[in-house]
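A short worksheet on the structure shown next.
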Ligand code: UDP
Ligand code: MG
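In the working numbering, the protein residues as written are 3 to 312.
Laid out in structure tokens, this is it:
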């Protein structure tokens with residue numbers, strides 16, 4: 003597969019309160035980029051930071067035209083920041099990395115080589131990760147459950163750290179869906195995909211922003227936007243419980259159940275109440291997402307940019 007002559011690569015960096023990591027990122031990226039056989043631009047999206055992130059990004063793009071910055075009007079979330087970067091980037095391919103350098107920029111040369119060799123999606127698979135034990139364990143379990151449930155095979159232990167060819171970027175940008183689970187969409191679009199194994203490092207500075215709650219939200223988005231299995235689960239449960247109820251009814255009619263089980267109706271009420279609530283909750287998960295999509299609000303608002311002369 004031929005690649006454009008003298009290609010341009012966009013590096014997309016979502017940034018939320020990253021004033022401590024950014025100076026390190028600026029230096030590390032510039033150093034490793036010297037070894038790349040391609041031109042590059044960096045598209046930083048400030049996701050409504052409350053620290054000096056935006057002024058650092060503005061200063062960087064004032065000094066270097068290939069550093070472009072966009073600032074959201076408030077915090078819209080990591081997936082929105084990456085999606086905005088995909089819309090704004092001009093490269094023949096784009097690479098998504100975290101500002102905290104957990105995805106080592108030194109790996110990018112390998113991604114670019116795979117792209118030049120003809121792969122359209124090159125994604126990082128974490129061989130190990132330097133995160134807290136609980137987060138590692140939950141992530142490990144989550145990726146395996148998602149693999150079982152999802153209608154699209156989503157490679158396990160791969161995050162957003164990936165290179166996307168221009169045709170993949172355009173395909174993802176054209177998708178109308180608002181709640182974006184990018185690592186799922188990246189698999190869904192297809193094209194030639196290639197995994198690259200890497201070691202995910204610890205954050206270089208500052209604090210992680212993904213709380214347990216926001217990681218859980220992302221995990222639920224992953225399951226509910228890529229699988230309708232939970233809906234079917236409700237049906238199966240309904241059948242199973244109704245079958246059980248019929249059996250019990252038959253047993254009591256035939257007087258097979260002793261007097262000691264008279265409390266059974268009470269148990270059944272609780273059981274059925276619980277099961278119904280679970281099923282309503284599952285429906286609610288989908289309904290809430292449908293509601294979000296139907297409202298069709300933009301997923302982010304750009305308040306400011308420092309994009310230099312074009
Ligand atoms: N991030 C963002 N918006 C948010 C939370 C995080 O743009 O609301 C960025 C953050 O600056 C970083 C990347 O997303 O570049 C990953 O976030 P973080 O390091 O907090 O997550 P973790 O690596 O712990 O999963
Ligand atoms: Mg991180």
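Built from N, CA and C at the ideal position, the CB exists for glycine as well.
Assignment of beta-bridge partners to residue 69 by DSSP yields 44.
Of the other Cβ atoms in all chains shown, fewer than 16 fall within 10 Å of the Cβ of residue 303; this residue is therefore exposed. Closest option to residue 18, judged by alpha-carbon separation, among 72, 204, 77: 77.
Using a Cβ distance threshold of 8 Å, residue 194 and residue 120 count as a contacting pair. Residue 24 and residue 306 have their C-alpha atoms some 19 Å from each other. Judged by their CB atoms, residue 63 and residue 43 are not nearer to each other than the 8 Å cut-off.
Restricting attention to 278, 209, 249, the CA atom closest to the CA of residue 233 is found in 278. Per DSSP, the beta-bridge partners of residue 304 are 74. In this structure, residue 211 has its CB closer than 7 Å to one or more heavy atoms of the ligand UDP.
Just measuring C-alpha positions, the residue of 219, 214, 113, 201 sitting nearest residue 128 is 201. In this structure, residue 102 lies near residue 20, with their beta-carbon atoms less than 8 Å apart.
Annotated three-state conformation of residue 91 is coil, per DSSP.
Taking C-beta atoms as the reference points, residue 308 and residue 180 fail to come closer than 8 Å.
Around the C-beta of residue 125, 16 or more other C-beta atoms lie within 10 Å, and the residue is accordingly described as buried.
Non-local C-beta neighbours of residue 140 in its own chain, meaning closer than 6 Å and more than five positions away in sequence, are absent.
When secondary structure is reduced to three states using DSSP, residue 198 falls in the strand class.
Comparing C-alpha distances from residue 173 to each of 162, 229, 189 shows the shortest one belongs to 189. Per the DSSP secondary-structure output, residue 126 pairs in a beta bridge with 198.
Take residue 149, set aside five residues on each side of it, and the residues of its chain with a beta-carbon closer than 6 Å to its own are 158, in chain order.
Under the three-state reduction of DSSP output, residue 167 falls in the strand class. Between the region 67-83 and the region 31-47, the count of Cβ pairs shorter than 8 Å is three or higher; the stretches touch. Per the coordinates, the alpha-carbon of residue 249 lies some 52 Å from the alpha-carbon of residue 176.
Counting only residues of its own chain and dropping the five nearest sequence neighbours on each side, residue 236 has a CB closer than 8 Å to the CB of 280, 281, 284, 285.
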